[in-house]
Amino acid sequence: MSKEKYNQLVNEGYCIFENILSDALLDQLRSVTDQLCENMTEEHKSYFRSQGSAFRTYEDPVFAELISWQLSLDALKSMGFKDSTFTSGYILSKPPHSPPLFWHYDWFGWEDPSTYDPRPQQVFFMYYLTDTTPHNGCLRVIPGSHYKHNPLHDLIMEPHAGEISAAKDLNRPEFSTRPDEIDVPVKASDLLIGDSRLLHASYANNSDERRTVITLWFQPDFCDLPERIKAQLASKTHPIPEDWSPEVQEMVRRLNPKYDGNAEPYGRVLYQRKSG
Ligand SMILES: O=C(O)CCC(=O)C(=O)O
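Here numbering that gives the first Met the number 0 is used: the first residue of the sequence shown is 0, the next is one more, and so on.
As structure tokens, this is what we get:
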């Protein structure tokens, strides 16, 4: 078992598995995402100026291969997780010389008491398609902020609100430098796993090259989640494109969470400081 990685994920909120993707898959992903970004509308560009783009990962069947990539699923298993499911994914591609990504978390079940356990309910898999550094927009995180209150929680507005996505005011706290932040540079073939509650952001891309990341959302132990969270996650699962071949659809469908209970899904509940 990867005890060290598990401990880092639980205590700091993230960990890295090196050398996970093949060169062939990386090349295919670069070519599909570059093409997608070339055809981006002006409206999409300006709405998602801070992210760069926000396409779903159902734009091409190559993403089924990425979602079901065995070495990555094995990485979760190696940390002791036994029942991993997949709900959704996005392509965030920063063009050359573009602004930073705002500080945010990606968890919306804060009403549930289990939300304050250090163990993750949901994790991101981030695959950067280029090596990253502070110069071209690597990730920044605040270790431990996935379950401990941080002063930044009191300063940020609703994550992904239009105003911050469009990066209209870079003086907002969502774009600030934090005293407890750290850089998380990676290599293009690495798998970066992080807790969806973790406060994270990325640097501006000051390079002359596009910097693309594909973010996939997994629930490492879906079977152990509280009923209302199961219902919430199952209901937000992105539908698989019907024009994909049945075999390719199945590669993803077998990973989607199944929930047939009667619990009411939580709505979109923002961060609230733990009471008591
Ligand atoms: O663009 C990045 O580096 C990070 C992407 C991100 O924060 C996300 O997908 O939630």
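Virtual Cβ for every residue (Gly too), placed ideally from N, Cα, C.
Residue 199 has its Cβ nearer than 6 Å to a heavy atom of ligand 1. Contact between residue 32 and residue 215 is ruled out by a C-beta separation of about 14 Å, above the 8 Å threshold. If you draw a straight line from the Cα of residue 66 to the Cα of residue 162, it is about 31 Å long. Residue 91 has its CB nearer than 6 Å to a heavy atom of ligand 1. Excluding sequence positions up to five before and after residue 236, its CB lies within less than 6 Å of the CB of 86, 255, all in the same chain and listed in chain order. Excluding residues up to 5 positions away in sequence, 221, 256, 258, 260, 262 lie with their Cβ nearer than 8 Å to the Cβ of residue 229 in the same chain.
Look at the segment 2 to 66 and you find these whole runs of beta strand (DSSP E), each 3 residues long or longer: 13 to 16. One thing to note: residue 70 has its Cβ within 7 Å of the Cβ of residue 19. Between the alpha carbons of residue 211 and residue 189 lies a gap of roughly 13 Å. Three or more pairs of CB atoms, one per stretch, sit closer than 8 Å, so the segment 88 to 98 contacts the segment 188 to 204. Inter-segment contact for the segment 136 to 151 and the segment 5 to 12 is present: three or more beta-carbon pairs are separated by less than 8 Å.
Rounded to the nearest whole angstrom, the CA to CA distance from residue 129 to residue 81 is 30 Å.
Residue environment for residue 114: buried (at least 16 other C-beta atoms within 10 angstroms of its C-beta). Just so you know, the alpha carbons of residue 4 and residue 166 end up roughly 34 Å apart.
Take the alpha-carbon of residue 246 and the one of residue 253: they are about 11 Å apart. Using a Cβ distance threshold of 7 Å, residue 36 and residue 52 count as a contacting pair. The C-beta distance from residue 60 to residue 103 rounds to 30 Å, too long to fall under 8 Å, and the pair is not in contact. Per the C-alpha coordinates, the member of 137, 180, 160 positioned closest to residue 191 is 137.
If you draw a straight line from the Cα of residue 45 to the Cα of residue 34, it comes to about 18 Å.
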